[in-house]
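For reference, the structure is listed below as structure tokens.
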Amino acid sequence: MHYHGGGGGPADYFGLFSDRLAKQLAVGEREPVCAMTQGTSGDLHLRDYEGDRTNSDISIYTDGLVEIAKGAVGKVRYDRSPLLGMDQKELTLSRRLPDAKRLAWADKMLSEMKGKRPKNRPEVYAEQARYIHKNPTENLVLQTLRIGSLGITTIPNEVYAITGLKLKAWSPFPSTFNIELANGAAGYIPPPEQHALGGYTTWPARTAGLEVEAEPKIVETLLSSFESLAGKPRRPSLRHQGDYVKWIMAQKPLAYFQCEDLGGGTLDDASGQGRSGHVEGMVAYHLPGPECQAISEQTPNNALQLAGGRISVMVPKARTLSFWFWNGMSNTVRDHTGDLVQHGVSRFLRIGGKADGESSGSLILQDGEKRFFGKTKLALKEWHHVVMSQEEEEVKIYLDGHIIPEVSAPLTPSESEQWHLGGELPVEGRLDEVAWFKGAFSPKEAAQNFSASRMTPPARPAPPRPKYDRGAMAGYQKSVLASQPSVWIEHGNEASQQRVQKKIEGIDDVYTVEFWVRNQLPNQTRPVTAYLFSRGLDGMKEAEGDHLGIGGSHLAAGKLIVFQGNRSGGLLTGVTELEPNSWHHLAMIREGERVRVYLNGRSEPEIDGTLARTYPDGHPEFFLGGRSDRFSILEGRLDHVALYDRALSIAEISGHYEAVNLLPREKNLEESNSDALSPQDALSSIHVPEGYRIELVASEPLIKDPVAIDWGADGKLWVAEMADYPSGIDGKPGGRVRFLEDLDGDGKYEKSTLFLKGLNYPAGIMSWRSGVIVAAAPDLIYAQDTTGDGKADLQEVLYSGFKQGNQQLRVNGLSWGLDNWIHGANGSHHPGYAKNTMIHSLRAGSTLPLGSMDFRIRPDEGLMEALSGPSQFGRARDDWGNSFGVQNSFPLWHYVLEERYLTRNINFAPPEIRRQLRPQNPRVFPASSLQKRFHSFNQSGRFTSACSPMIYRDRLLFDDGQVHALTCEPFHNLVQRVVLDRDGYSFKAKRAEEGAFDFFASEDRWCRPVMARTGPDGAVWVVDMYRYMIEHPEWLPDEGKREMKAHERKGSGYGRIYRILPKDEPAREIPDLAKGAPKNLVRHLASPNGIVRDLAHRLLVERKAVSVTSQVTKMVLKHPSPRARLHALCVLDGINRLTLEILYSACKDPHPQLRR
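By this note's numbering, the letter at position 1011 of the sequence shown is numbered 1008, and the numbering carries on one by one without gaps.
And the structure:
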């Protein structure tokens, strides 16, 4: 933890903690003396790399620790006359000496260094080899202390957490804590198993060079010292005694590994039979096991990690093996993912891999040349329970408590006593609670074994489902009606978020309800995602009755549930997690107290249990799309509902499902399983929050492949089109620029003019003087129509040398700055990318070593300067000059410090120049189904293509006084909105929408929002490139390249631009400033719209409008709008009319952002 908040070196929060805790505990002006020590944590670090990255720093982290310590102080027990004791022992340990070959290598390296200090890793370790040879031993001083019933150990080096756990577990004192010295003289002292695993803490040097057995010797020395101080022996290792353990022991196991071992090369046999397991190869001890109180009631449960090693044990006459496992390796890495169990020489239970075809990721039982395959795709990094039982002539594998075997294999018993956990190719994962039994388990006993744990089975992937198409349902309807339902309803809920009530007489306690459902809400959004069907009293607070739904954040997220009511509390849960935005077929049957639910035509019930009836006898009220008390209304669709006064047979349910007559969705999910929508249909598929409306302002053929827009002073909309994405048109540049005109003033465009073509992947555009500046790497190009025919007959390269290569990492994001420069984004995705980039100004004849920094330019003079950066696609500014950037995984950051200020002192080492306002890869809330990924699989449903950050600069949409920011996420077909609050020198951000979807969320997978802008009309404008595929093929793995080759340019020639407005308010008219007199332009500096203010500001500076100096000066001094005062101040600077008197006056302005 001692690196928290550091930029590569330690951050000393120890002192900060001590000071702050002392102030918190002070009585008046008297402060206690507080100190913090380093515990045994040499292998620990704060970050959970699979979770969201938190916006923490050393101060925030310290405050959290202080709160924990304050709570602990109140629980301290005091002893007026404790026994005191102290012991010290000196331990001599050997170092791992280099052999003759390594010494010869080191001496050769040292001779070449000629006495100089080492400058790289080989030179460091060459020097260390010679040091170790000259110093073959190390003396460690180990001390123990006793304060009453408390024992303290001190270790002058860094050891691993497991060393501290051993000392605490075996200490003879009721309470024990450990102190270690970080960066101690003998360096890191890992446990023996870590030496096999490797890592820099095991590399031979004075910092990590002690003998392999150093750690056990340290533990033994300290425990012996403790025994002397305590006057009694150390404690034995404790074994768990939970209900699951009691169930195992009641079956009289032949051997039982609880896997709580802390090291030593063996696994303890808890059965009392003395059949210890022997570790072979690389393992790690004491990692988290199944979170299960039935196993361990008081302390966390732990497991053994196989990391290339295995466990060997001799167990005679065993017919059943029971164990838990956790697989940490994707089934797409190895031909065979790994062996879980080997019995004898030739029988293996393993997890399928790449070479196993349809069984990749499933259990496979292999005996010699015979192979038997499981059906379930095992969830990665989830705990699963397995029972492997040998009956007379058959082996059965039971998975996660299911009574139907996962694998049944006609195999004769193996008489071998030799078992290996992990086989010839051990699984990369964890094992826990491994037990062998003499007799074969029946299906019921296998299920009881699992249920004794009280664990919820892991989610099973949903079986292949049909692509729901209303036109293909004729066969389904015919099949259902042949079963003579009491009620048939084709449309269960006509609109999302509506509950439908039906009164149906004559249905008793034996009935079936059957329907298709499509839930659009993410599974973790609400405590219960949705109730789909309900039978009970309308509006009854206790909600007693039958309620079929989808679990949420409270429990069973995404899985089917049947709930009995708030008073009775009975609950049944399924095991399959239903993917949102997909259609599923459900059939629920009640027969007296037995309740079953079938999913997607499967013969095995998803739910099968007992729930007593809690609605009145013969109750006639039924509800679709919500519960009887209107709780958790379905956001989605529920169609083709049939209610029967009898229990359907499994054959009938399966027959109905299969009558849809559609093949299951293809294995290749990225094949063209959706077609491009018409502009109007695409518009209808977009969700915006309540209170807003969305309009289509332009689409093909007026525009094609749009990626960036800007408004001219005359109101024209300029559009950059990257038609050559992703790899050129026949290998040649094909980018275009066009402008759109609104002929009737309705805010929508009727005329399109192709202005310029043949550009090299244009990624940015900005109107400038009488033309536009286009960002088309390697150049920034000025283009102008000088003849009036709408074509760019004048083209001038202003700057050249920007990096090319990746089409998604090119110069872009041109916009006007308050400093009277044009700002732009370099397009790099991390600092140092293309660090040797040199930019040439053709007008000034100068060269700037830009590297990966962003930039600002003055095209008229050819000037250019570096800005803090880089931002990948888009660089935003708010009304006060704060700049914001983006990278695919980081949707918004604030540039706190600007580069030109930092370079004033080349000897100053600045802190981080930007502050991340969102964690890495935060969640998104799409309306479309999640698309197949070829890498970064754990980022599905999270930002991975963040681009075009925007600060909304008007009051038309959000008039709440807050700062609203939007970021596009084209892979997930959405634009997310966050609200920014001031937080000291920067901001903090939180998601604005509380509903199921983000601010702009399309159901259409072709929708690719790549830019969001505040429009001069006050609307939010969204540029939709509209492509089937948005990821560049160069960055796909070979599998993805092959699969997506046919779709690389699908959507070329399409494009849409939308604007979002208040539902009941018209948009403002876009003003024409091009011919406005300077005095009228000054009036627009007070516009409520930031884009209009920028245009007026820029035109006054372009025209050097010194004639309005007095008018602008008056605005600086007296205008009621601080934004108008700020723009006026900057205009004076731009036309060289800013005086010291005006500047002094502005420094006293009442608005803090203007003073800044």
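All residues carry an ideal CB built from backbone N, CA and C; glycine is no exception.
In the region 257 to 328, which residue ranges form an unbroken beta strand (DSSP E) of at least 3 residues, counting only runs that do not cross its ends?
274 to 277, 280 to 285, 299 to 303, 307 to 311, 317 to 324
How close, in whole Å, do the beta carbons of P923 and N970 come, if the pair is a contact with beta carbons under 8 Å?
Counting from one through the sequence shown, the residue named residue 923 turns up at place 926. Counting from one through the sequence shown, the residue named residue 970 turns up at place 973. That pair is a contact at about 6 Å.
With DSSP as the reference, label F628 as helix, strand or coil.
The residue labelled residue 628 in the question sits at position 631 within the sequence shown. Correct three-state label for F628: coil.
Give the DSSP bridge partners of E649, in chain order.
Along the sequence shown, one-based indexing puts residue 649 at 652. DSSP lists no partner for E649.
Can we say the region 397 to 409 touches the region 228 to 242, given the rule of at least three CB pairs closer than 8 Å?
no
Taking the beta carbon of W485 as the centre, do at least 16 other beta carbons fall within 10 Å, making it buried, or is it exposed?
As a first step, residue 485 is located in the sequence shown; it is residue number 488 there, counting from the start. With fewer than 16 other Cβ atoms within 10 Å, it is exposed.
With distances taken between CB atoms, is the gap from G274 to E425 smaller than 9 Å?
Here residue 274 refers to the residue found at position 277 of the sequence shown. Here residue 425 refers to the residue found at position 428 of the sequence shown. It is not a contact, given that the beta carbons lie outside the stated cut-off.
For G882, which of helix, strand or coil comes out of DSSP?
For the purposes of this step, residue 882 is taken as the residue at position 885 of the sequence shown. DSSP places G882 in strand when its eight states are reduced to three.
Can you tell me whether L977 is buried or exposed? The criterion is at least 16 other CB atoms within 10 Å of its CB, across all chains shown.
As a first step, residue 977 is located in the sequence shown; it is residue number 980 there, counting from the start. Label assigned to L977: buried.
Drop a sphere of 10 angstroms on the beta-carbon of N665, count the other beta-carbons inside from all chains shown, and report buried for 16 or more, exposed for fewer.
Locating residue 665 in the sequence shown gives position 668, where the first residue counts as 1. Note that N665 scores 37 on pLDDT, short of 50, meaning its location in the model is unreliable and no value can be drawn from it.
Determine the DSSP secondary structure at Y465, reduced to helix, strand or coil.
Against the sequence shown, residue 465 aligns to sequence position 468. The pLDDT assigned to Y465 is 47, lower than 50, so where the model puts this residue is not dependable, and the model offers no usable value.
Inspect the beta-carbon positions of G1052 and E747 and report whether they are closer than 9 Å.
As a position in the sequence shown, residue 1052 is number 1055, starting the count at 1. As a position in the sequence shown, residue 747 is number 750, starting the count at 1. Going by C-beta atoms, G1052 is not nearer than 9 Å to E747.
Among H820, L815, M850, V280, whose alpha-carbon lies nearest the alpha-carbon of K832?
Position 835 of the sequence shown holds residue 832. The candidate whose alpha carbon is nearest that of K832 is M850.
For N117, is the classification buried or exposed, using 16 other Cβ atoms within 10 angstroms of its Cβ as the cut-off for buried?
Here residue 117 refers to the residue found at position 120 of the sequence shown. Per the 10 Å Cβ criterion, exposed.
Taking P402 as the reference, which of S439, V1128, Q804, G571 has the closest Cα?
Looking up residue 402 in the sequence shown gives position 405. The shortest C-alpha separation from P402 is found at S439.
What residue range is occupied by the uninterrupted alpha helix (DSSP H) comprising M246?
For the purposes of this step, residue 246 is taken as the residue at position 249 of the sequence shown. 240 to 247 is the span of the alpha helix (DSSP H), which, as asked, contains M246.
Can you tell me where the alpha helix (DSSP H) holding N1077 begins and where it ends?
By one-based count along the sequence shown, residue 1077 stands at place 1080. Element bounds for N1077: 1075 to 1081.
May I ask you to report which of helix, strand or coil DSSP gives T218?
Residue mapping note: residue 218 aligns to position 221 of the sequence shown, counting from 1. Note: T218 maps to helix in three-state DSSP.
List the endpoints of the continuous beta strand (DSSP E) containing W416.
One-based indexing of the sequence shown puts residue 416 at position 419. W416 -> beta strand (DSSP E) spans 415 to 418.
For I700, which residues of its own chain have a beta-carbon under 6 Å away from its beta-carbon, when the five flanking residues on both sides are left out?
Taking the sequence shown and counting its residues from 1, the one referred to as residue 700 is at position 703. Closer than 6 Å at Cβ, skipping near neighbours: V716, G1052.
Measuring only the C-alpha atoms, how far is R331 from E277?
Indexing the sequence shown from 1 puts residue 331 at position 334. Indexing the sequence shown from 1 puts residue 277 at position 280. Separation of R331 and E277 (C-alpha to C-alpha, rounded to the nearest whole angstrom) is 21 Å.
Assuming S886 contacts A943 (C-beta within less than 8 Å), just tell me the rounded distance between them.
Within the sequence shown, the letter at position 889 stands for residue 886. Within the sequence shown, the letter at position 946 stands for residue 943. That belief holds up - the Cβ atoms of S886 and A943 are roughly 7 Å apart, short of 8 Å.
Is it right to say C1004 is buried, meaning 16 or more other beta carbons lie within 10 angstroms of its own, or is it exposed?
Looking up residue 1004 in the sequence shown gives position 1007. Under this definition C1004 is a buried residue.
Going along the chain, which residues of its own chain have a beta-carbon closer than 8 Å to the beta-carbon of S625, five neighbours each way excluded?
As a working mapping, residue 625 is identified with position 628 in the sequence shown. The beta carbon of S625 sits closer than 8 Å to the beta carbons of S531, R532, G533, L534, D535, G536, M537, A540, G542, H544, E618 from its chain, once the five residues preceding and following it are set aside; these are given in chain order.
Is the beta carbon of Q517 sitting closer than 9 Å to the one on A993?
If you number the sequence shown from 1, residue 517 lands on position 520. If you number the sequence shown from 1, residue 993 lands on position 996. Contact: yes.
Name the residue from P188, S234, S825, Y1025 whose alpha carbon lies nearest to the alpha carbon of I215.
In the sequence shown, residue 215 corresponds to position 218, counting from 1. Nearest C-alpha to I215: P188.
Pull up the CB-CB distance for L90 and T150, whole angstroms please, since I reckon it's below 8 Å.
Here residue 90 corresponds to residue number 93 of the sequence shown, with the count starting at 1. Here residue 150 corresponds to residue number 153 of the sequence shown, with the count starting at 1. Rounded, the Cβ-Cβ distance is 17 Å, inconsistent with contact.
Measuring alpha carbon to alpha carbon, tell me which of A205, A291, E190, L220 ends up nearest Q238.
Taking the first residue of the sequence shown as 1, we reach residue 238 at position 241. For Q238, the nearest C-alpha among the options comes from A291.
Starting from the C-beta of E1099, find all residues in its chain whose C-beta is less than 7 Å away, skip the five residues before and the five after it, and write them out in chain order.
Taking the sequence shown and counting its residues from 1, the one referred to as residue 1099 is at position 1102. The residues are R766.
In the structure shown, what three-state DSSP assignment does S681 receive?
Translated into the one-based positions of the sequence shown, residue 681 becomes position 684. Three-state result, S681: helix.
Apart from the five residues on each side of it in sequence, which residues of its chain come closer than 7 Å, Cβ to Cβ, to E862?
By 1-based counting over the sequence shown, the position of residue 862 is 865. Result list for E862: F852, R853, R897, in chain order.
I'd like to check one pair, R344 with L360: are the Cβ atoms closer than 9 Å?
Counting from 1 along the sequence shown, the entry for residue 360 is found at position 363. Counting from 1 along the sequence shown, the entry for residue 344 is found at position 347. Contact: no.
Would you call the region 296 to 314 and the region 387 to 398 touching, i.e. three or more CB-CB distances under 8 Å?
no
Could you check where the beta strand (DSSP E) with C1004 kicks off and where it finishes?
Looking up residue 1004 in the sequence shown gives position 1007. Element bounds for C1004: n/a, residue is neither H nor E.
Report the residue ranges of all beta strand (DSSP E) runs contained in full by the region 129 to 176; include only those spanning at least 3 residues, in chain order.
Secondary structure in the region 129 to 176: the beta strand (DSSP E) runs of 3 residues or longer, each lying completely within the stretch, are 134 to 144, 147 to 152 in chain order.
Count the other CB atoms within 10 Å of the CB of G358; is the residue buried (16 or more) or exposed (fewer)?
In the sequence shown, counting from the first residue as 1, residue 358 sits at position 361. Under this definition G358 is a buried residue.
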